[in-house]
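In the order they appear, the protein sequences are chains A and B.
1 is the number of the first residue of the first sequence in the numbering used here; add one for each residue after it.
240 is the number of the first residue of the second sequence in the numbering used here; add one for each residue after it.
Beta carbons are placed, not taken as given, at the ideal position from N, Cα and C, and that holds for glycine.
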Amino acid sequence: MTITPLFAEDLAELLAAFPSEALHSLRNILQNRWILTPFPYPRAEAAHRLSPEADLKPHAAELAREILWWGSHELWRQFGYHATWKEAVIGVATTFRVSAAKRADTLPVWYIESAILKEALARWERMSPKERREAMLKAAANLNIMAGAGAGGLGVGAYALAENIAGLAMNLGAKQLLEFAAARVGVAALGVISLALGAGWMAYDVSGPGYRVLSPAAITIAFTRQRLRDEAIAAAFGN
Amino acid sequence: MATISATAEAGTAIIRRLASGDLEIHGILLRDTMGKKFRYILRGLEGLAEHSVPLPDYPPLDPLRIALNAQQLANVIAMAQMTAVATTLRHIENMLKEIDRRLNDIDQRLDRIDAKVNLVLAATRAGPAARLRAAITLSEGALRAGDMISLRLASNKADHAALEILAQSQHLVRVENKGLPFALQAPVELKDLIESGSDAFTAASAMHLSLGSSDHAVRGLREAVVALEAMRGKIHSALADPELFLRRLGRSKETDEAICGAGATLTRSIQRLTGRAMLIERGIIVRDRSGLEFEQLVSARGIEFDELSPPPDEASGLQ
Numbered sequence: 001m002t003i004t005p006l007f008a009e010d011l012a013e014l015l016a017a018f019p020s021e022a023l024h025s026l027r028n029i030l031q032n033r034w035i036l037t038p039f040p041y042p043r044a045e046a047a048h049r050l051s052p053e054a055d056l057k058p059h060a061a062e063l064a065r066e067i068l069w070w071g072s073h074e075l076w077r078q079f080g081y082h083a084t085w086k087e088a089v090i091g092v093a094t095t096f097r098v099s100a101a102k103r104a105d106t107l108p109v110w111y112i113e114s115a116i117l118k119e120a121l122a123r124w125e126r127m128s129p130k131e132r133r134e135a136m137l138k139a140a141a142n143l144n145i146m147a148g149a150g151a152g153g154l155g156v157g158a159y160a161l162a163e164n165i166a167g168l169a170m171n172l173g174a175k176q177l178l179e180f181a182a183a184r185v186g187v188a189a190l191g192v193i194s195l196a197l198g199a200g201w202m203a204y205d206v207s208g209p210g211y212r213v214l215s216p217a218a219i220t221i222a223f224t225r226q227r228l229r230d231e232a233i234a235a236a237f238g239n
Numbered sequence: 240m241a242t243i244s245a246t247a248e249a250g251t252a253i254i255r256r257l258a259s260g261d262l263e264i265h266g267i268l269l270r271d272t273m274g275k276k277f278r279y280i281l282r283g284l285e286g287l288a289e290h291s292v293p294l295p296d297y298p299p300l301d302p303l304r305i306a307l308n309a310q311q312l313a314n315v316i317a318m319a320q321m322t323a324v325a326t327t328l329r330h331i332e333n334m335l336k337e338i339d340r341r342l343n344d345i346d347q348r349l350d351r352i353d354a355k356v357n358l359v360l361a362a363t364r365a366g367p368a369a370r371l372r373a374a375i376t377l378s379e380g381a382l383r384a385g386d387m388i389s390l391r392l393a394s395n396k397a398d399h400a401a402l403e404i405l406a407q408s409q410h411l412v413r414v415e416n417k418g419l420p421f422a423l424q425a426p427v428e429l430k431d432l433i434e435s436g437s438d439a440f441t442a443a444s445a446m447h448l449s450l451g452s453s454d455h456a457v458r459g460l461r462e463a464v465v466a467l468e469a470m471r472g473k474i475h476s477a478l479a480d481p482e483l484f485l486r487r488l489g490r491s492k493e494t495d496e497a498i499c500g501a502g503a504t505l506t507r508s509i510q511r512l513t514g515r516a517m518l519i520e521r522g523i524i525v526r527d528r529s530g531l532e533f534e535q536l537v538s539a540r541g542i543e544f545d546e547l548s549p550p551p552d553e554a555s556g557l558q
């Protein structure tokens with residue numbers, strides 16, 4: 001893989017370079033939220049109906065559109081204005097209290113995403129083991145895996161996995177959590193960790209419903225983008 | 240007879256142009272230096288025997304004897320050999336100077352990098368640079384005078400320089416800064432060192448080949464390949480290691496591109512040195528009796544003039 005698409009500012013272009021497993025994580029985050037609105041809602045219905053094993057790559061643009069919908073203001077949307085991914089990410093960075101210098105709109109979007117991920121990890125570091133466990137379990141429950149998950153849900157078995165992860169993750173510092181996510185977990189657990197890092201702590205600092213989607217989505221995207229960049233340059237040194 | 244006189248005329252023209260300096264001989268390859276319009280391949284000389292042979296007894300030169308008289312023939316051979324000596328010398332000299340330039344560039348660029356590592360690198364850098372300069376001086380005289388003892392000395396120095404440059408790039412990979420190989424913080428320097436090391440091994444192998452020691456040339460190239468492979472493996476492991484994920488967060492696009500560039504250079508160098516070792520082993524790159532290396536050409540009869548790209552005025556039929 002070349003590294004250029006991994007620096008894309010446009011979300012649809014970036015998600016087109018993501019593997020299906022990362023798109024599943026994003027879909028799980030999107031399925032976690034539902035909104036009642038009298039206005040058109042560009043939900044990625046086709047992607048949501050697919051099974052957990054399905055290839056979501058053909059639906060990357062739909063998922064990007066739905067994520068950006070969450071980042072756009074309800075009123076402005078009626079006038080045809082939709083937020084760009086950078087605007088959405090700057091909004092998330094503001095709620096995470098990332099310093100203004102690190103979320104300036106002159107910076108590339110990948111840089112602001114990284115700053116959010118670092119800040120989320122710093123906050124995780126400050127949480128007590130009990131708070132971490134609660135955040136994990138809440139995230140798991142929010143991912144519609146408690147009971148009778150739908151087609152896109154993770155199922156009861158996966159919830160048991162999430163419980164195990166919660167038990168383990170409560171004792172992990174931020175760095176170890178990230179290493180754990182990078183090395184050993186699958187789609188289900190990555191979704192739980194992203195949600196716990198993003199939405200979990202938001203329970204203590206609620207800024208609006210949109211950010212309950214955008215925060216974990218930004219963390220998942222930041223994490224996946226970085227992982228793919230590492231893989232691409234590692235490939236340059238491969239056989 | 241018309242054909243013979245045309246060939247003789249062309250042969251004389253070559254000699255005249257060689258004498259005036261506007262035609263160079265690269266091994267057995269003749270090339271027009273004025274705009275690179277023509278390339279002439281002088282065939283029939285590549286099969287010359289190691290021992291001295293009277294020209295009339297040398298069958299591959301029969302077609303030449305029809306076209307050129309003995310004096311002209313001797314001139315062509317002598318000039319080809321002399322010019323080729325100078326050309327090979329220039330090739331090796333340019334290669335060594337390029338390595339020297341790259342090392343100096345690294346010297347200046349390393350100012351921005353951690354002082355401790357800079358000091359360590361400076362110590363190793365001084366060695367190969369000095370040896371390269373000595374090798375350049377020695378090889379200049381040795382190749383011109385056909386002095387094999389000096390050339391052997393020069394090749395030893397070039398060997399040492401190549402090994403030291405390689406050791407320096409290995410050092411850049413081995414030294415770690417907070418768990419990451421230092422090479423990932425200085426990918427441009429790594430790329431330059433790998434290129435320089437690869438060029439130095441190529442130059443050293445050319446000298447060994449000129450000395451008739453193809454085994455030595457191949458051994459050096461193979462050792463370099465093994466070392467480069469080990470470097471590649473170490474960097475690959477570091478990049479794939481999730482433990483270092485957090486450390487790499489926030490790295491710029493330019494750094495990523497430079498690291499990819501260093502990776503591509505490393506892979507290319509491994510392929511180049513492996514290929515060169517194989518070509519020497521299989522006798523594709525061989526030693527000429529004049530002590531030069533050249534890529535072996537298929538034997539042909541006499542002088543052939545291969546016009547590869549005609550000048551624009553001739554191609555269009557304009558005067």
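{"Asked": "Test: Ala-233(B) CB closer than 7 angstroms to a CB of chain A", "Found": "Past the edges of chain B, shown from 240 to 558, lies residue 233(B), and the structure says nothing about it."}
{"Asked": "Whole runs of the beta strand (DSSP E) within the stretch 454-487 of chain B, excluding any shorter than 3 residues", "Found": "none"}
{"Asked": "Inter-stretch contact at 8 angstroms, needing at least 3 Cβ pairs: the stretch 112-122 of chain A / the stretch 46-54 of chain A", "Found": "no"}
{"Asked": "C-beta atoms of Ala-516(B) and Leu-467(B) nearer than 7 angstroms", "Found": "no"}
{"Asked": "The stretch 81-104 of chain A: positions lying closer than 8 angstroms to chain B by Cβ", "Found": "none"}
{"Asked": "Rounded separation between Asp-10(A) and Gly-514(B) - CA only", "Found": "43 angstroms"}
{"Asked": "Which of helix, strand or coil DSSP assigns to Leu-56(A)", "Found": "coil"}
{"Asked": "When Leu-15(A), Ser-72(A) and Pro-5(A) are compared against Thr-220(A), the one with the closest alpha-carbon", "Found": "Leu-15(A)"}
{"Asked": "Whole-angstrom C-beta distance between Leu-448(B) and Arg-391(B), which should lie under 8 angstroms", "Found": "Actually they are not in contact, since the Cβ atoms of Arg-391(B) and Leu-448(B) sit about 12 angstroms apart, beyond 8 angstroms."}
{"Asked": "Under 8 angstroms from the C-beta of Asp-10(A): neighbouring residues of chain B", "Found": "The premise fails here: Asp-10(A) is roughly 15 angstroms from chain B at the closest Cβ pair, so nothing lies under 8 angstroms."}
{"Asked": "Cross-strand partners of Glu-131(A) (DSSP beta bridge)", "Found": "Beta-bridge pairing links Glu-131(A) to no other residue."}
{"Asked": "Inter-residue spacing [alpha-carbon to alpha-carbon] between Ser-114(A) and Val-414(B)", "Found": "27 angstroms"}
{"Asked": "Neighbourhood of Ala-169(A) by C-beta distance below 8 angstroms, restricted to the same chain and skipping five residues each side", "Found": "Arg-132, Arg-133, Met-136, Leu-177, Phe-180, Ile-193 and Ala-196"}
{"Asked": "Any chain A beta carbon closer than 7 angstroms to Ala-503(B)", "Found": "yes"}
{"Asked": "Backbone secondary structure at Asn-308(B) - three-state DSSP", "Found": "coil"}
{"Asked": "Own chain residues within Cβ distance below 6 angstroms of Ala-439(B), not counting five before or after", "Found": "Ile-338, Ala-400, Ala-401 and Ile-404"}
{"Asked": "Every unbroken alpha helix (DSSP H) within the stretch 78-120 of chain A, with a cutoff of 4 residues, ordered by chain", "Found": "85-95"}
{"Asked": "Status (buried if at least 16 other CB within 10 Å, exposed otherwise) for Met-559(B)", "Found": "Look at the range of chain B in this structure, 240 to 558, and you will see that residue 559(B) is not part of it."}
{"Asked": "Boundaries of the alpha helix (DSSP H) in which Ile-404(B) is found, first to last residue", "Found": "387-413"}
{"Asked": "Close Cβ partners of Ile-509(B) (< 8 angstroms) along its chain, the five nearest in sequence each way excluded", "Found": "Val-464, Leu-467, Glu-468 and Arg-471"}
{"Asked": "Other residues of its chain near Ala-477(B): CB distance less than 6 angstroms, five sequence neighbours each side excluded", "Found": "Pro-420"}
{"Asked": "Status (buried if at least 16 other CB within 10 Å, exposed otherwise) for Glu-428(B)", "Found": "buried"}
{"Asked": "Contact list for Asp-230(A) against chain B, beta-carbon separation under 8 angstroms", "Found": "Leu-478, Ala-479, Phe-484 and Arg-487"}
{"Asked": "Limits of the alpha helix (DSSP H) - the one that Gln-510(B) falls within", "Found": "492-520"}
{"Asked": "For Leu-419(B): DSSP bridge partner residues", "Found": "Asn-416(B)"}
{"Asked": "Chain B residues whose Cβ lies nearer than 8 angstroms to that of Asp-117(A)", "Found": "The sequence given here places Leu at residue 117(A); Asp does not occur at that position. Ordered by position in chain B, the residues that pass the 8 angstroms Cβ test against Leu-117(A) are Leu-488."}
{"Asked": "Nearest to Tyr-81(A) (by Cα), restricted to the options Glu-87(A), Ser-72(A) and Val-89(A)", "Found": "Ser-72(A)"}
{"Asked": "C-alpha gap between Arg-227(A) and Arg-370(B), whole angstroms", "Found": "43 angstroms"}
{"Asked": "8 angstroms Cβ shell around Glu-13(A) - same chain, five flanking residues per side excluded", "Found": "Pro-5"}
{"Asked": "Any C-beta of chain A under 7 angstroms from that of Ile-509(B)", "Found": "no"}
{"Asked": "Helix, strand or coil at Gly-173(A) according to DSSP, with G and I counted as helix", "Found": "coil"}
{"Asked": "Three-way DSSP call (helix, strand, coil) for Glu-13(A) in this model", "Found": "helix"}
{"Asked": "Per-residue contacts from Ile-498(B) into chain A (C-beta, under 8 angstroms)", "Found": "Ile-233 and Ala-236"}
{"Asked": "Glu-434(B) beta carbon less than 7 angstroms from that of Thr-376(B)", "Found": "no"}
{"Asked": "Under 7 angstroms from the C-beta of Ser-275(A): neighbouring residues of chain B", "Found": "The first residue shown for chain A is 1 and the last is 239, placing residue 275(A) beyond what the model contains."}
{"Asked": "Pick from Phe-18(A), Met-127(A) and Pro-42(A) that is closest to Asn-171(A), judged by C-alpha positions", "Found": "Met-127(A)"}
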